[in-house]
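Everything on this sheet refers to the single structure shown next.
2 protein chains.
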Amino acid sequence: MQERAIETRRNILEAAAKVFDERGFQAATIADVTAEAEVTKGALYFHFPSKEALAEGVLREQDGQFPTPERASRLQQLVDTVMVQAYRLETDCMTRAGVRLTLDQRASNIDRKGPFERWADTCRELLEAGQRQGEVLPHVVPADTAEVLVGAFAGIQAMSQAYSNYADLSARVGALLRHVLPSVAHAPVLVSLDLSERRGEKVSAELLALHGEEPQRGRPVTVG
Amino acid sequence: MQERAIETRRNILEAAAKVFDERGFQAATIADVTAEAEVTKGALYFHFPSKEALAEGVLREQDGQFPTPERASRLQQLVDTVMVQAYRLETDCMTRAGVRLTLDQRASNIDRKGPFERWADTCRELLEAGQRQGEVLPHVVPADTAEVLVGAFAGIQAMSQAYSNYADLSARVGALLRHVLPSVAHAPVLVSLDLSERRGEKVSAELLALHGEEPQRGRPVTVG
Numbered sequence: 001m002q003e004r005a006i007e008t009r010r011n012i013l014e015a016a017a018k019v020f021d022e023r024g025f026q027a028a029t030i031a032d033v034t035a036e037a038e039v040t041k042g043a044l045y046f047h048f049p050s051k052e053a054l055a056e057g058v059l060r061e062q063d064g065q066f067p068t069p070e071r072a073s074r075l076q077q078l079v080d081t082v083m084v085q086a087y088r089l090e091t092d093c094m095t096r097a098g099v100r101l102t103l104d105q106r107a108s109n110i111d112r113k114g115p116f117e118r119w120a121d122t123c124r125e126l127l128e129a130g131q132r133q134g135e136v137l138p139h140v141v142p143a144d145t146a147e148v149l150v151g152a153f154a155g156i157q158a159m160s161q162a163y164s165n166y167a168d169l170s171a172r173v174g175a176l177l178r179h180v181l182p183s184v185a186h187a188p189v190l191v192s193l194d195l196s197e198r199r200g201e202k203v204s205a206e207l208l209a210l211h212g213e214e215p216q217r218g219r220p221v222t223v224g
Numbered sequence: 001m002q003e004r005a006i007e008t009r010r011n012i013l014e015a016a017a018k019v020f021d022e023r024g025f026q027a028a029t030i031a032d033v034t035a036e037a038e039v040t041k042g043a044l045y046f047h048f049p050s051k052e053a054l055a056e057g058v059l060r061e062q063d064g065q066f067p068t069p070e071r072a073s074r075l076q077q078l079v080d081t082v083m084v085q086a087y088r089l090e091t092d093c094m095t096r097a098g099v100r101l102t103l104d105q106r107a108s109n110i111d112r113k114g115p116f117e118r119w120a121d122t123c124r125e126l127l128e129a130g131q132r133q134g135e136v137l138p139h140v141v142p143a144d145t146a147e148v149l150v151g152a153f154a155g156i157q158a159m160s161q162a163y164s165n166y167a168d169l170s171a172r173v174g175a176l177l178r179h180v181l182p183s184v185a186h187a188p189v190l191v192s193l194d195l196s197e198r199r200g201e202k203v204s205a206e207l208l209a210l211h212g213e214e215p216q217r218g219r220p221v222t223v224g
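So the protein lines, in turn, are chains H and C.
Start counting the first sequence at 1; every next residue gets the next number (UniProt numbering).
Start counting the second sequence at 1; every next residue gets the next number (UniProt numbering).
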């Protein structure tokens, strides 16, 4: 794709994320997105033939994010992955739109399982690696623990959104990890983990320094 | 209220639950509900002056459900409460509509925190009682654990809905409890808990026998 076409496509996706985030999938219209992006209907349809295609575009943007840095402790890497996602939800409109689309039971024509599956895969792989190196208890079934974590995270972000518009998300996610990890990890690993509320912000800054620029596509927004 | 008015009100709420469950709050219209309930607009407005009032009516119906029977083990009572809710989600349209309204980030004019708070209160009280009688570990903060459980449950039901239309909900909720309870309970209590998949159905049958009729208002539906 030409540079200008890439720019237009990104601009449309950012506008779509904002509209889906504010209005939800069902209430959002193509006209809302063209108005927000300041593009013609023709330009939009060139990149995205339908509202479903737009939603899938927003969902796929989540995959373009850089993974969290490798850690000697795979469980710390798992914690970092979860805490960075909490921080992105607090600060990034594209991430919020992706999560809301995934949880939107009305958006039934789009593949809502995909993001759950990708997240569960990432968590499962880290738990498997942790088990191989003896951090994770032998009775743990990584796939089961991964699905508990991903499902629980999805609900805790919804609760945080309802209670505080995400202001307490990092604290709630920290509480989830403190409740689940003792069933999963050896005690000496547990005490060495950094589960503090600022962990997500810290690792995001580390990613920024590593990769030069924010990997996220959405416009940063202030959530109060 | 006269018996007939009570009957009409219940009929309207059941129709509203069905419509909210199928279409979501934002897309649902008063006309959908009057058509489903086979009542006039005037009859509906007599009981519910707005769509928001209807949604709040559906949410309040959740409170009319009988609590799970008292158990010597407060943690078993907590497990029963959670497993019965999973079973209701699988089988009862009114419960599903209530949960979806609570998680619907578009339904911003209605009080979505209420159901989270009531559920968290119930869990907190059982954890406090469990702590008083030595079942719950001394370091546990019942309010924190309650909010983790309620938030996690909300997400796990969404994941189960996306994956299997609730067919695997009891299994997923059992996995959540097996991951969280070891951080909360003394080991001898843990091994005595019934966390089996059929627990919700079993306790629901017990409630039915105790109270003579299903406490739920919604029409039972088959979820496949």
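Glycine residues also receive a C-beta, built at the ideal position from the N, C-alpha and C atoms.
For the alpha helix (DSSP H) that contains residue i, what are its first and last residues?
{"i": "C:G155", "result": "142–164"}
{"i": "H:S170", "result": "169–180"}
{"i": "H:S204", "result": "199–211"}
{"i": "C:S196", "result": "Note, C:S196: premise wrong, no alpha helix (DSSP H); not H, not E."}
{"i": "H:E14", "result": "3–27"}
{"i": "H:F46", "result": "41–47"}
{"i": "C:T34", "result": "30–37"}
{"i": "H:E52", "result": "51–61"}
Rounded to whole angstroms, what is the Cα-Cα separation between residue i and residue j?
{"i": "H:A171", "j": "H:S164", "result": "12 angstroms"}
{"i": "H:V79", "j": "H:L126", "result": "10 angstroms"}
{"i": "C:A5", "j": "C:A43", "result": "9 angstroms"}
{"i": "C:K51", "j": "H:Q133", "result": "56 angstroms"}
{"i": "H:V141", "j": "C:A17", "result": "38 angstroms"}
{"i": "H:G130", "j": "H:P138", "result": "10 angstroms"}
{"i": "H:G57", "j": "H:L13", "result": "7 angstroms"}
{"i": "H:V84", "j": "C:E201", "result": "39 angstroms"}
{"i": "C:L59", "j": "H:L181", "result": "33 angstroms"}
{"i": "C:E3", "j": "C:I30", "result": "24 angstroms"}
{"i": "C:K41", "j": "H:T145", "result": "49 angstroms"}
{"i": "H:T68", "j": "C:A152", "result": "24 angstroms"}
{"i": "C:D63", "j": "H:V189", "result": "42 angstroms"}
{"i": "C:D121", "j": "C:G114", "result": "10 angstroms"}
{"i": "H:R10", "j": "H:C93", "result": "13 angstroms"}
{"i": "H:S160", "j": "H:R112", "result": "21 angstroms"}
{"i": "C:A101", "j": "C:R118", "result": "What sits at residue 101 of chain C in the sequence shown is Leu, not Ala. Looking at the two C-alpha atoms, the distance is approximately 15 angstroms."}
{"i": "C:D21", "j": "H:R23", "result": "18 angstroms"}
{"i": "C:L176", "j": "C:L193", "result": "14 angstroms"}
{"i": "H:R71", "j": "H:C123", "result": "14 angstroms"}
{"i": "C:L75", "j": "C:A86", "result": "17 angstroms"}
{"i": "H:A37", "j": "H:A15", "result": "5 angstroms"}
{"i": "C:E61", "j": "H:F46", "result": "48 angstroms"}
{"i": "C:V184", "j": "H:L169", "result": "22 angstroms"}
{"i": "C:G174", "j": "C:R199", "result": "9 angstroms"}
{"i": "H:E197", "j": "H:A143", "result": "26 angstroms"}
{"i": "H:P49", "j": "C:A28", "result": "26 angstroms"}
{"i": "C:Q77", "j": "H:V203", "result": "40 angstroms"}
{"i": "C:E128", "j": "C:L195", "result": "20 angstroms"}
{"i": "C:E147", "j": "H:A35", "result": "40 angstroms"}
{"i": "H:T91", "j": "H:S73", "result": "27 angstroms"}
Which word fits residue i, buried or exposed, when buried means at least 16 other C-beta atoms lie within 10 angstroms of its C-beta?
{"i": "H:H211", "result": "exposed"}
{"i": "H:F66", "result": "exposed"}
{"i": "C:L208", "result": "exposed"}
{"i": "H:E7", "result": "exposed"}
{"i": "C:Y166", "result": "buried"}
{"i": "H:V191", "result": "exposed"}
So who's on the other strand from residue i, going by DSSP bridges?
{"i": "C:V189", "result": "Per DSSP, none; premise fails for C:V189."}
{"i": "H:V136", "result": "H:A185"}
Report, in whole angstroms, the separation of the C-beta atoms of residue i and residue j, which I expect to be a contact under 8 angstroms.
{"i": "C:E135", "j": "C:H179", "result": "About 18 angstroms separates the two Cβ atoms, so there is no contact after all."}
{"i": "C:G155", "j": "H:A158", "result": "7 angstroms"}
{"i": "H:F116", "j": "C:A162", "result": "6 angstroms"}
{"i": "C:T95", "j": "C:R88", "result": "4 angstroms"}
{"i": "H:F25", "j": "H:A55", "result": "6 angstroms"}
{"i": "H:V19", "j": "H:V39", "result": "Their Cβ separation, rounded to whole angstroms, is 13 angstroms, which puts H:V19 and H:V39 out of contact at 8 angstroms."}
{"i": "H:L103", "j": "C:L149", "result": "Not confirmed; about 18 angstroms, so no contact."}
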